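Chemist:
2 protein chains.
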Amino acid sequence: MLVLSSPSGAGKTTLSRRLLATDPDITMSVSVTTRPPRPGEIDGKDYRFISTEEFGLMRNRGELLEWAKVFDNYYGTPLGPVEQLLSSGRDVLFDIDWQGTQQISEKMGADLVRVFVLPPSASALEQRLTKRAQDPPDVVAGRMAKASDEISHWAEYDYVLVNEDLERSDEAISSILRAERLKRTRRFGLSDFVRHLQSGL
Amino acid sequence: MLVLSSPSGAGKTTLSRRLLATDPDITMSVSVTTRPPRPGEIDGKDYRFISTEEFGLMRNRGELLEWAKVFDNYYGTPLGPVEQLLSSGRDVLFDIDWQGTQQISEKMGADLVRVFVLPPSASALEQRLTKRAQDPPDVVAGRMAKASDEISHWAEYDYVLVNEDLERSDEAISSILRAERLKRTRRFGLSDFVRHLQSGL
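Chains as they are written, first to last, in the numbering used here: chain A, 1 to 201; chain B, 1 to 201.
1) Apply the 10 Å Cβ neighbour rule to Ser6 (chain B) and answer buried if 16 or more other Cβ atoms are within range, or exposed otherwise.
2) In the DSSP assignment, the beta strand (DSSP E) including Ala68 (chain A) goes from what residue to what residue?
3) If you draw a straight line from the C-alpha of Ser152 (chain B) to the C-alpha of Glu53 (chain B), how long is it?
4) Gln221 (chain A) and Ser148 (chain B) look like a contact to me (Cβ under 8 Å); what is the Cβ gap, rounded to whole Å?
5) Based on the DSSP output, what are the partners of Asp91 (chain B) in its beta bridges?
6) What's the C-alpha gap between Gly89 (chain A) and Ile26 (chain A)?
7) Which class does Ala190 (chain A) belong to by DSSP, given the choice of helix, strand or coil?
8) How close, in whole Å, do the beta carbons of Leu65 (chain B) and Met58 (chain B) come, if the pair is a contact with beta carbons under 8 Å?
9) Residues of chain A with CB under 7 Å from Trp154 (chain B), in chain order?
10) Chain B partners of Arg184 (chain A), CB-CB under 7 Å?
11) Buried or exposed: where does Leu129 (chain A) fall if 16 or more other Cβ atoms within 10 Å of its Cβ makes it buried?
12) Report all residues from its chain with a CB closer than 8 Å to the CB of Val92 (chain A); omit the five preceding and five following residues, and keep chain order.
13) Taking only three categories from DSSP, how would you classify Thr33 (chain B)?
14) For Ser121 (chain B), return the contacting residues in chain A, with the cut-off set at a CB-CB distance below 8 Å.
15) When you compare the CB positions of Thr77 (chain A) and Phe55 (chain A), do they come within less than 7 Å of one another, or not?
16) Grouping DSSP H, G and I as helix and E and B as strand, with all else coil, what is Pro136 (chain B)?
17) Taking the C-alpha atoms as reference points, what is the distance between Gln134 (chain B) and Leu20 (chain B)?
18) Run the CB neighbour count on Ser191 (chain B), radius 10 Å, all protein chains shown included, and call it buried at 16 or more, exposed below.
19) Compute the Euclidean distance between the alpha carbons of Met144 (chain B) and Pro136 (chain B), then round it to the nearest angstrom.
20) Considering only the alpha carbon of each residue, which of A:Trp98, A:Gln127, A:Phe116 and A:Glu180 lies closest to Val70 (chain A)?
21) Just to confirm, is the Cβ distance from Asp158 (chain A) to Val113 (chain A) under 7 Å?
22) Taking the C-alpha atoms as reference points, what is the distance between Ser175 (chain A) and Tyr74 (chain B)?
23) Considering only residues of the same chain and omitting the five flanking positions on each side of Leu161 (chain B), which have a CB-CB separation below 8 Å?
24) Going by the DSSP bridge assignment, what does Thr77 (chain B) pair with across the sheet?
25) What residues of chain B sit near Ala172 (chain A), judged by a beta carbon separation below 7 Å?
26) Any beta carbon of chain B sitting closer than 7 Å to that of Met1 (chain A)?
27) Strictly by DSSP, which residues pair up with Thr48 (chain A)?
28) Can you pull the chain C neighbours of Ser148 (chain B), defined as C-beta to C-beta under 7 Å?
29) Taking DSSP as the reference, what is the three-state secondary structure of Asp170 (chain B)?
30) Hey, would you say Asp95 (chain A) sits closer than 7 Å to Ser16 (chain A), going by beta carbons?
31) Taking all protein chains shown into account, decide if Val139 (chain B) is buried (16 or more other Cβ within 10 angstroms of its Cβ) or exposed.
32) Let me make sure I understand the geometry here. Which of A:Pro37, A:Gly62 and A:Asn163 has the alpha-carbon closest to that of Ser51 (chain A)?
33) Let me make sure I understand the geometry here. Which of B:Lys107, B:Arg186, B:Glu156 and B:Lys146 has the alpha-carbon closest to that of Thr185 (chain A)?
34) Cutting at 6 Å between CB atoms, please list the residues of its own chain near Tyr47 (chain B), excluding the five before and the five after it.
35) Among the candidates A:Gly200, A:Glu126, A:Gly142 and A:Leu177, whose CA atom is the shortest distance from the CA of Asp72 (chain A)?
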């Protein structure tokens, strides 16, 4: 379970997409949200867009691994698909904020790898946030405040990278994933391999 | 501090050389040994070849980070050069066995990243050990026994990789190193960067 968090505008979504395109063993966890789709967003791919009522039901039934309210909208991670992916041996990528990360950390502990992506500078972040033409100015201002809040939680993550160059950040995340997969504590079945190896010596 | 351990013949030395050739930020820790040089080995590069008396003096003066006796010969890691490299901000690579790894772990704790390299099969290991024409048969037999002993300590390492393909193992070690460098706990100076970033928002 790989969590990517960052302030909006630091490049997290692009990095997620690139990772999913290059790594065949990881699948994105699709969040549910009560906010309306933005132009170009596809239901079931970018988010599952649901009503506030449906969200409340899922939450009350314990079907959400984490959830949060951001700007009057609810966001959450449905538990079922994640459990299915993990039990079939796949890795799962989460594009969630610090609140969600804290909630999943409490539930999943050491199984989780948490990566925080920082923008290279305040001006770079501001530029990227302003470029999203579809958002009204007050939403941009709100995002800047939220960015500062999000950044204040960087020290709750296992890995931190500064996204100066997309290519290099890409490689960094792939390296983290590759390294984590080589951790002894994740290498189920290796005991049998070593036993077999030693019986042949 | 990156430790690479493996039974003799699993490809550790080749992997070390490749890592040193491709990663400009890591330097090999050169061990001292009382065994005579093998053909082609260079004093001060492969090992520092010293007398048993000199070894005893270094050990008694506390100048060795770890030491071990293997087949009547002594091996050790001099502390001075390692401290110099670390304080100049460089990473240090150690090509040592499980005994040395245990000793350095006790002294260095979380600063150490321990990687164990396993051979893909018993027959592959046997083949590689027999190919070293310069060693007499009883030394090869002794190496096989030592290999089995070394392998039994695989679970004391942070990462474990099966060296099936040199290229892929190479990439695996580079990924581990890159990922470890991105760990929050190693990113000194990042607090200042984040403070500066937030002051601009």
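Built from N, CA and C at the ideal position, the CB exists for glycine as well. Small disclaimer: the values here were computed from a predicted structure and weren't measured.
Modeler: With the given structure in hand:
1) Ser6 (chain B) comes out buried.
2) Segment Leu64 to Val70, the beta strand (DSSP E) holding Ala68 (chain A).
3) In a straight line, the C-alpha of Ser152 (chain B) is about 32 Å away from that of Glu53 (chain B).
4) Missing from the structure shown is residue 221 (chain A); chain A here goes from 1 to 201 and no further.
5) Under DSSP, Asp91 (chain B) shares a beta bridge with B:Ile26.
6) So the two alpha carbons sit approximately 10 Å from each other.
7) Correcting the residue identity first, residue 190 (chain A) is Leu in this sequence and not Ala. Here DSSP, grouped into helix, strand and coil, assigns Leu190 (chain A) to helix.
8) The Cβ separation is near 11 Å, so there is no contact.
9) What Trp154 (chain B) touches in chain A: Val194.
10) By Cβ distance, chain B contributes Ala155, Tyr157, Asp158, Tyr159 and Val160.
11) Leu129 (chain A) comes out buried.
12) The residues are Met1, Leu2, Ile26, Thr27, Met28, Ser29, Val82, Leu85 and Leu86.
13) Look at Thr33 (chain B) here: in three-state DSSP terms it is strand.
14) The answer, in chain order, is Leu197 and Gly200.
15) In this structure, Phe55 (chain A) does not lie closer than 7 Å to Thr77 (chain A) by Cβ.
16) Correct three-state label for Pro136 (chain B): coil.
17) Distance between the alpha carbons of Gln134 (chain B) and Leu20 (chain B) is about 26 Å.
18) Under this definition Ser191 (chain B) is an exposed residue.
19) For the pair Met144 (chain B) and Pro136 (chain B), the Cα-to-Cα distance works out to about 13 Å.
20) Checked all of A:Trp98, A:Gln127, A:Phe116 and A:Glu180; the closest Cα to Val70 (chain A) is A:Trp98.
21) Yes, the Cβ-Cβ distance between Asp158 (chain A) and Val113 (chain A) is below 7 Å.
22) Here the alpha carbons of Tyr74 (chain B) and Ser175 (chain A) stand approximately 37 Å from one another.
23) In the same chain as Leu161 (chain B), and ignoring 5 residues on each side of it, the C-beta atoms closer than 8 Å to its own belong to Val115, Phe116, Val117, Leu118, Ser169, Ala172 and Ile173, in chain order.
24) Looking at the DSSP assignment, Thr77 (chain B) forms a beta bridge with B:Glu66.
25) Arg178 and Leu182, listed in chain order.
26) By this cut-off, Met1 (chain A) is not an interface position.
27) Note that residue 48 (chain A) corresponds to Arg in the displayed sequence, not to Thr. Answer is A:Val32, bridged to Arg48 (chain A).
28) The displayed structure is made up of protein chains A and B, and chain C is not among them.
29) Three-state result, Asp170 (chain B): helix.
30) In contact: Asp95 (chain A) and Ser16 (chain A) (Cβ atoms closer than 7 Å).
31) So Val139 (chain B) ends up on the exposed side.
32) Nearest of A:Pro37, A:Gly62 and A:Asn163 to Ser51 (chain A), Cα basis: A:Pro37.
33) Cα-wise, what sits closest to Thr185 (chain A) is B:Glu156.
34) Closer than 6 Å at the Cβ level, and outside the excluded window around Tyr47 (chain B), lie Ser31 and Thr33.
35) Ranking A:Gly200, A:Glu126, A:Gly142 and A:Leu177 by Cα distance to Asp72 (chain A) puts A:Gly142 first.
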